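Numbering (the working numbering), first residue to last: 22 to 149.
Here it is, written out as structure tokens:
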């Protein structure tokens with residue numbers, strides 16, 4: 022199995038990671054800061070003034086100038102995903118902390134490392 026090039030970022034332990042990205046709100050803030058470092062800019066007209074609201078669980082931005090609506094995850098890896106951002110972040114963290122990466126079986130296995138997919142399946146059952 023090939024070696025992981027983003028292997029083991031020592032400055033962030035699992036407890037520190039969970040403190041920083043343990044909630045969906047924290048993950049939303051991280052995505053927003055990465056996507057718009059200088060604040061939201063409308064992808065259609067480039068204007069800065071905007072309002073923020075929620076459509077269900079999705080954080081949505083609306084441009085005050087042209088009324089264009091853009092969700093936080095639109096155009097990203099997380100677009101059209103029903104998996105909560107905190108589980109995406111946890112899966113990416115776990116993948117970056119192992120020498121050879123993780124298989125989906127390991128992500129599915131509850132216990133000290135995995136459980137991401139188990140949690141997703143549990144949330145889908147609760148939503149149905």
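The beta-carbon is built from N, C-alpha and C at its ideal position, and this holds for glycine as well. Please read all numbers here as calculations on a predicted model, not as lab measurements.
- Residue 111 has its alpha-carbon roughly 26 Å from the corresponding atom of residue 73.
- Remark: C-beta atoms of residue 59 and residue 106 do not approach each other more closely than 9 Å.
- Straight across, the Cα-Cα distance linking residue 68 with residue 102 is about 27 Å.
- Separation of residue 94 and residue 76 (C-alpha to C-alpha, rounded to the nearest whole angstrom) is 12 Å.
- In this structure residue 108 is buried. Its beta-carbon is surrounded by 16 or more other beta-carbon atoms within 10 angstroms.
- Spanning the alpha carbons of residue 47 and residue 41 requires a straight line of approximately 7 Å.
- By the C-beta density criterion, residue 100 is exposed, having fewer than 16 other C-beta atoms within 10 angstroms.
- Beta bridge pairing from DSSP links residue 84 with 71.
- Taking all protein chains shown into account, residue 35 has fewer than 16 neighbouring C-beta atoms within 10 Å of its C-beta and is therefore exposed.
- 81 is the residue among 81, 71, 116 and 65 whose C-alpha sits nearest the C-alpha of residue 52.
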